[in-house]
Amino acid sequence: MSNSSTLTRPAPDGTAREAGAPRRRTRILALPEARWATAALVLFLLALPLYLTGAPSWTWGTLFAAVYATGGWEPGWAGLQALREKTLDVDLLMVVAALGAAAIGQVLDGALLIVIFATSGALEAIATARTADSVRGLLDLAPATATRVADDGEEETVPTERLAVGETILVRPGERVGADGRVLEGASEVDQSTITGEPLPVPKEAGDEVFAGTLNGTGVLRVKVERDPSDSVIARIVAMVEEASETKAPTQLFIEKVEQRYSLGMVAATLALFALPLAFGAALQPTLLRAMTFMIVASPCAVVLATMPPLLSAIANAGRHGVLVKSAVVMERLGQIDAVALDKTGTLTEGTPRTTEIRPLAASGLTEDELLRLAAAAEHPSEHPLARALVAAARTRGLDLPPVRDFHSAPGTGVRATVEGRTVAVGSPARLGDAHPGHPALAVAAGLEEEGRTAVLVTLDGEPVGVLGVADRLRAEAAATVAALEELTGTAPALVTGDNARAAARLAGEVGITDVRAGLLPQDKVAAVRELEQAGRKVLVVGDGVNDAPALAAAHTGIAMGRAGSDLALETADAVVVRDELATIPAVVRLSRRARRLVVQNLVVAAVFITGLVIWDLAGNLPLPLGVAGHEGSTVIVGLNGLRLLADGAWRRAHGGSPR
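Here it is as C-alpha cells:
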C-alpha cells in the first residue's frame with residue numbers, strides 16, 4: 025500500500041516556542057488508515073470463532089461482510105482511482121481476489137487477505153506521520169525569536185526569520201542561539217551537542233563560530249549573523265532528512281513495477297480463462313468455476329505470507345531483546361549491509377563524562393582522595409557536566425564534601441571557591457596555568473590531553489596541586505561489536521564523529537578502527553555516507569544525536585541508540601537499540617540474514633505450489649476443494665516456516681553465530 029504526505033513545517037509567524045514544550049506527536053487513532061484497520065481486525069476476530077464453531081451463517085456472514093467493507097473500501101477506492109490513471113495496483117487486485125474468494129464460498133480467506141492489507145496501509149501511514157512529527161520537533165530546537173542589537177545599542181526582540189546576515193544578536197545565559205554566526209564579544213560555554221555530538225559544552229569567545237539552536241551557558245555573547253536563518257545548520261539538517269527520505273523512492277518504484285506486472289498478468293489470465301472458452305461455446309457455470317478456481321490458486325496469499333512471517337518473527341524476536349526494527353522492509357535491508365559507519369559520543373561511548381584520572385603532584389602532599397575531595401567541593405555548586413563528573417566520582421569513593429563559600433564561575437576558565445578556609449580553583453590548564461609557565465602540572469595536563477582526556481587543573485591558594493582527567497567512557501562491548509561487524513561485512517567500520525581528532529583517534533585505536541573521520545558537521549557525515557555508497561556499499565549508520573539524523577536517513581539502514589538518543593534520531597532511524605547494548609547490532613544483522621534466507625525458501629515453496637496448481641487448473645480439471653486445499657496448504661507451510669524465528673534459540677544463535 026502506498027501513502028504520500030508532506031512533512032509539515034510550522035508557519036514562520038514568529039510565535040515563541042517554549043524550550044521545554046513537549047514535542048507534538050500524531051495520535052495513532054487520529055489516522056483514518058489506523059481506524060479502519062483496527063475496525064477490520066476487531067470484526068475479523070469476532071467472526072472467526074463463530075465461523076469455526078459452526079454458528080448460523082448470518083452471524084459470521086454479517087461480521088465478515090463488515091470486515092470487507094471496513095478494511096477493503098479504502099484500498100479498493102484507491103485502486104479504482106488508480107484505474108482512472110490507467111494504473112492497476114496489487115491493492116485493487118487483493119480486494120478483487122478477496123471478493124472472488126467470497127463469491128465461491130471462501131469467505132474466511134478473503135477476510136484474512138483484507139485484514140493483512142489494511143494493517144499494512146495503517147503501519148505505513150503511522151510511519152509517515154511519525155517522521156513529520158520528528159521534523160517538526162527538530163525545528164522547535166531553533167528559537168522563534170532573538171534579541172537584535174542595533175548600531176546605537178538599542179535592543180529589539182524579533183522573529184529569527186527576520187534576521188539578516190551582518191546583523192548582531194545578543195545571547196543571554198541559558199538562551200538558545202538564534203542564528204549561525206561568529207562571536208563578536210563575550211565569553212561563555214555553549215552546549216552544541218545537538219549539532220556536533222560533543223559531550224561537553226565548548227568554550228566560546230570572540231572569533232569563535234556558534235550555531236543556531238545550540239544552548240548558551242553562563243556568559244553573555246554578542247554574535248554577528250553569518251548565515252540566513254533558512255541556511256542555518258539546523259535548517260540544512262531538516263532539508264537533508266527530507267531529501268534522504270525521498271532518495272529511498274527507487275525501491276518503492278521497483279515494487280510498484282512488480283505489482284503492476286503481476287496485477288496485469290493475473291487479471292488478463294483470469295479474464296482470458298473465462299472469456300475464451302465462452303467464445304468457443306463452453307458452458308457458463310463450469311467456465312466461471314474454472315476461472316474462479318484460477319483466481320484462488322493464483323492468489324498471492326502464499327507469496328505475502330512467504331515474505332512477512334519470517335521478517336515479522338525476526339522483528340518480534342529482536343524487540344524482545346531490546347532492538348526495535350520499524351518495519352519488515354527494514355529487517356530485510358539490515359541483512360544486505362556491507363559497510364558500517366559508527367558515531368562516537370553516545371554510541372561507542374556512554375555519552376556521559378566520567379572522572380578517569382586523579383593525578384596529585386608529589387610536592388602537594390595530597391592523596392588522590394584529598395585532591396578529588398577539594399576539587400569536587402569547589403565544583404559542587406556548578407551545573408557544568410565536568411562538575412557533575414567530579415562530584416559523582418567523589419561520591420562513588422564515599423567522600424564527604426565540605427561546604428564552600430565565595431563560589432565564582434568564569435565561563436571558559438573554571439570555578440573558584442573557598443573550601444575549609446583555603447582558595448580552591450578548578451578549571452582549564454590553559455587559563456589557570458598562565459600564571460605558572462613551565463610548571464610540572466602543565467606537563468601532566470598535556471599528557472592527559474594527548475591521551476584524549478579533558479584535563480582539569482586544581483590549584484590550592486594559587487599553587488597547582490594536581491590534575492584530573494575526565495573522559496567519555498567507552499562501552500564495555502564496543503571492541504567486540506566492532507570486530508563482529510567487521511566479520512559480518514568483510515571490512516572494518518568507519519568512525520564518523522563531530523568530536524576532535526585527538527579524542528576520536530584515541531578511541532578508534534582502542535576498538536580497532538582505522539578509518540577515522542573527526543570534526544564532522546551533520547552535512548559532512550552525510551558526505552561520508554555518500555562516499556561509501558558511491559563505492560557500491562550498502563551502509564549501516566549507527567548514531568544517537570540530532571547531528572546524526574541526516575546520516576541515519578541517508579544511509580541504506582540507520583540504527584539509533586535509544587536510551588539517550590534524540591527524538592529526531594529515534595524517529596529517523598530504521599531501528600532503535602532500546603537498552604544501548606551495542607552487541608545487539610551484529611545480532612540483529614545476523615537475524616535479518618537468516619530471515620532473508622527463510623523468505624527465499626518460502627518464495628520457492630509458494631512458487632512451486634502456485635505454479636503446480638495453476639498448471640493443473642489450466643491443463644487439466646482441478647477440483648475447487650483440492651485447489652483451495654493446495655492454496656491453503658502452501659500458506660500454512662510458509663507461515664509455519666517463517667514463525668521459526670520467534671523462538672529464543674533463533675536470537676541466541678544470531679547473538680553468537682556465524683556471519684552468514
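Mapping to my numbering: the sequence shown position 307 is 331, numbers consecutive.
For glycine and all other residues, C-beta sits at the position ideal for the given N, C-alpha and C.
Just so it is clear, the structure is predicted and the values come from calculations on it, not from any experiment.
In the DSSP assignment, no residue is bridged to HIS580. In the three-state scheme derived from DSSP, where H, G and I count as helix and E and B as strand, ILE361 is classed as coil.
By the C-beta criterion, the stretch 521–540 is judged not to be in contact with the stretch 573–589, since fewer than 3 inter-stretch pairs fall below 8 Å. Taking a cut-off of 8 Å for Cβ pairs, the stretch 286–303 and the stretch 624–631 do not touch, as fewer than three such pairs fall below it. Sequence-distant Cβ neighbours of LEU472 in its own chain, meaning closer than 7 Å and more than five residues away, are GLU381, ALA479, VAL491, GLY493.
When secondary structure is reduced to three states using DSSP, ASP430 falls in the strand class. A straight-line Cα-Cα distance of about 13 Å links VAL602 and VAL612.
A Cβ-Cβ contact shorter than 8 Å links PRO334 with ALA619.
A direct Cα-Cα distance of roughly 20 Å separates LEU104 from ALA64. The Cβ-Cβ distance between VAL354 and ASP598 falls below 8 Å. Distance from the CA atom of ALA126 to the CA atom of PHE633, rounded to whole angstroms, is 21 Å. The alpha carbon of GLN558 has as its nearest neighbour, out of GLY177, VAL247, ALA363, ALA516, the alpha carbon of ALA363. Judged by beta-carbon spacing, ALA71 lies within the 8 Å limit of LEU87, meaning their Cβ atoms are closer than that value.
In the assembly as shown, ASP672 is an exposed residue. Its beta-carbon has fewer than 16 other beta-carbons within 10 Å.
Boundaries cannot be given for LYS562, as no alpha helix (DSSP H) includes it and DSSP labels it neither H nor E. In the DSSP annotation of this structure, the continuous segment of the alpha helix (DSSP H) that includes THR635 starts and ends at 608–643. Taking a cut-off of 8 Å for Cβ pairs, the stretch 387–397 and the stretch 494–507 do not touch, as fewer than three such pairs fall below it. Distance between PRO310 and LEU646, taken at the CA atoms: about 11 Å. DSSP, reduced to helix, strand and coil, places VAL291 within a helical segment of the structure shown. Spanning the alpha carbons of SER433 and VAL439 requires a straight line of approximately 4 Å.
ASP367 and ASP568 do touch by the CB rule: their CB atoms are close to 6 Å apart, below 8 Å.
Here PRO488 carries a strand assignment [DSSP, helix/strand/coil].
With a contact defined as Cβ atoms closer than 8 Å, ALA146 and ALA61 qualify at about 4 Å. Using a C-beta cut-off of 8 Å, the stretch 238–246 makes contact with the stretch 177–197, since at least three inter-stretch Cβ pairs fall below that distance. Closest in C-alpha terms to ASP252, from the list LYS562, GLY190, ALA527, SER323, comes GLY190. Residue state for ILE537 is assigned as coil, using DSSP reduced to three classes.
About 11 Å separates the CB atoms of ALA417 and LEU395; that is not less than 8 Å, and the two are not in contact. Residue burial is scored here from C-beta neighbours: GLY100 has at least 16 other C-beta atoms within 10 angstroms and is therefore classed as buried. Rounded to the nearest angstrom, the gap between the Cα atoms of THR379 and THR437 is 19 Å. Looking at the DSSP output, THR169 shares a beta bridge with PRO183. The three-state secondary structure of PRO377, taken from DSSP, is strand. With respect to the 8 Å criterion, VAL489 and LEU385 are classified as neighbours on the basis of their beta carbons. Your pair VAL214 and PRO225 checks out as a contact, with CB atoms roughly 6 Å apart and the cut at 8 Å. The C-beta distance from ALA607 to THR505 rounds to 6 Å, short enough to fall under 8 Å. Here the alpha carbon of ILE320 sits roughly 8 Å from the alpha carbon of GLY651. In the three-state DSSP reduction, GLU605 falls in the coil class, being neither helix nor strand.
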